[in-house]
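For the sequence shown, this note's numbering assigns the number 475 to the initial residue and increments by one for each residue that follows.
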Amino acid sequence: MSHPHSGDRPVGNLHGTRSPVFGTAGVIACSHPLASAAGLQIFQQGGNAIDAAVTAAAVLAVVEPSMTGIGGDVFALVYDAATRTLEALNSSGRAGARADAGRLTAAGLHEMPPHGPYAVTVPGAVAGWAELLRRRGTISLARAIAPAIRFARHGHAVSDIVAEHWDRSAARIAADAPAAQLLLPGGRPPRAGEIFRNPELANCLEQIASDGERAMYGGALGKAIAADITRRGGFLGEDDFAAHTSNWVDPIHTTYRGHDIYEMPPNSQGFVAIEMLNVLEGYDVAGMGHNSADYLHLLVEAKRIGFADRGAYLADPAHVPAGVLDTLLSKEYAAARRREIDLRRTAAAYAGGVSFAQRDLGDTVYLAAADDKGNVISFINSLFDLFGAGIVVPGTGIVLHSRGSGFSLQPGHPNQLAPGKRPLHTLAPAFVMKDGKPLMAFGVTGGDNQAQAHAQVVVNVVDFGMNVQEAGEAARVRHSDAGLAVESAVDESVRADLRRRGTTVLNGRGEMGGYQAVAIDPQTGVLIGGSDPRKDGCALGW
């Protein structure tokens, strides 16, 4: 593949998708047009890609309250043009000092509750925004969140997909009185096109603009959240907020047919995408054909191997045995696992160590941005499930995430709930480089969908020559314990073939998350954006 726009073929929209977006000064792709527009305005005012990303993330925290917010977590991969380095920021929160797995098992629980106070860990989003701007940005946090404050104070028109998520979550929202008061105005979810305001959240954002991240970590906002969780019987206290730190870490890496693929290290599930690609590299994927039965069968088996390992080993890296990650990322390990795959039939199971319950959750926003200086960011911000833990802190307008539900209650498991520990995280921004230069920053939301969708996007670009728009718009599949969700564009003959091999085939409508990406043409330096029509958003450039 020569570059992410046209590959080794004439420029054109051969896969029937909408056109990619081009820019020379800046490009940003978000799941909501108001966020893309806010990021574009930062570019037009002289800001860089990191500035635009944080601004867009703050707007998304207001206009997609089902997906993201200052009550969530952040991960990012950041390429700095001045130093020519790619860094990873982990701003996920930790369990409270009072966290006690034994208390939950003694109460009869066998796995973490998906919602409620036990599922809440310290939200890392605000710390992540501040750290990104401090290290690689050019504007203040106050300036970056100013558009978000305006939308929270004066309102915004609810978009179609967000309205659908809101309606789907109405019963759970209604179960929490503060959440119902905020999120069910007039006793029901807002409909598409109706104006929603969150003045209490505007007040909180103004406090962050005034006091910086201290407002959340050691300040009044963190204290309010801790007091509410304590009242509800949860594990967080004021000291847990004051102790929060965000960490710059090295990305993990593999090669795939001459391309360098980067993901977040644990506690992110990024290694699963790398493991899948290492397995796929041993086959003639292009010769199998895009979304053929042979390719999709292979993809699912590679995913099942990766998820067996995820279930056994994904946890706070301080609690994973030494050497495990290096093994999982190695080509030798992939070659050994490849020998277990039968291309004619679905395996009964794949070993990966002791597993635990895995929920196929995931409500998240992903965005990507690039500027004319060469800076590129792959950024993800999330509440996890729709409206997170289903908790709104009274008087704040803050929806809290449910990342603590990713812990295990299994004694001795690396991911067992414990004080100060980060949980298994599905969040995984991705990055592709070629010949030492950034080629593409991308991500796909949707919990367990993320790693398996990353592998599909890389294959679309590298093996099938798709441009940055086509790669995300092409039909995808998503595997879970229930079976393989398949989008309607995959031919019925392929579905029948997969069933003959032992796969349960499901309707994939609404199951594929949302893709956003930016790419850089290595010949011209032109910036190229792609955005998933499965979401409300768009890519914008200038």
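Glycine included, every Cβ here is placed at the ideal spot set by N, Cα and C.
Asked	Found
Using a Cβ distance threshold of 8 Å, determine whether the stretch 843 to 854 contacts the stretch 547 to 561, with at least three qualifying pairs required.	yes
Mind checking Thr559: buried by the 16 CB within 10 Å criterion, or exposed?	exposed
Whole angstroms is fine: what's the gap from His479's alpha carbon to Arg492's?	A caution first: His479 carries a pLDDT of 47, below 50, which makes its placement in the model unreliable, though a value can still be read off. Near 13 Å, if we compare the C-alpha coordinates of Arg492 and His479.
Compute the Euclidean distance between the alpha carbons of Gly984 and Ala644, then round it to the nearest angstrom.	18 Å
Exposed or buried, Gly1011, counting other C-beta atoms within 10 Å across all chains shown (16 or more means buried)?	buried
Run through the DSSP bridge pairs and tell me what Ala722 is partnered with.	For clarity, residue 722 is Trp in the given sequence; the question names Ala instead. Note: Trp722 sits in a beta bridge opposite Leu563.
Can you confirm whether the stretch 694 to 703 touches the stretch 911 to 925 when touching is taken to mean that 3 or more C-beta pairs between the two stretches lie within less than 8 Å?	no
Just to confirm, are Cys504 and Gln990 a CB contact at a threshold of 8 Å?	yes
Helix, strand or coil, according to DSSP, for Gly1011 in the structure here?	coil
Could you tell me the distance, in whole angstroms, from the CA atom of Met475 to the CA atom of Asp816?	Low confidence applies to Met475: its pLDDT is 42, below 50, so where it sits in the model is not reliable, and the reading given next is rough at best. If you take the alpha carbons of Met475 and Asp816, they lie about 29 Å apart.
In terms of residue numbering, what span does the beta strand (DSSP E) encompassing Val548 cover?	547 to 554
Just grab the DSSP bridge partners of Met907 for me.	Asp734, Pro912
Between the beta-carbon of Ala527 and the beta-carbon of Leu841, is there less than 8 Å?	yes
If you drop the 5 nearest sequence neighbours on each side, which residues of the same chain put their C-beta closer than 6 Å to that of His793?	Pro888
Give the secondary structure of Gln990 by DSSP, where H, G and I count as helix, E and B as strand, and everything else as coil.	strand
Entirely within the stretch 639 to 723 and at least 3 residues each: give me those beta strand (DSSP E) ranges in chain order.	721 to 723
Alpha carbon to alpha carbon, what distance is there between Gly1003 and Val942?	7 Å
Determine whether the beta carbon atoms of Ala844 and Ile994 lie at a separation below 8 Å.	yes
Ignore the nearest five residues each way along the sequence and tell me which others in Lys1009's own chain have a CB closer than 7 Å to its CB.	Ser505, Ile635, Gly988
Mapping the DSSP letters down to three states, classify Ser879 as helix, strand or coil.	helix
Using CA atoms only, rank isn't needed, just tell me which of Glu668, Gly707, Gln655 is closest to Asp869.	Reading the sequence as shown, one finds Gly at residue 869 and not Asp. Out of Glu668, Gly707, Gln655, Gln655 has the C-alpha closest to the C-alpha of Gly869.
Do you know how far the Cα of Gly878 is from the Cα of Leu788?	14 Å
Alpha helix (DSSP H) containing Lys973: first to last residue?	The question names Lys, but residue 973 is Arg in the sequence shown. Per DSSP, Arg973 belongs to the alpha helix (DSSP H) from 966 to 974.
Beta carbon of Gly862, beta carbon of Gly602: below 8 Å?	no
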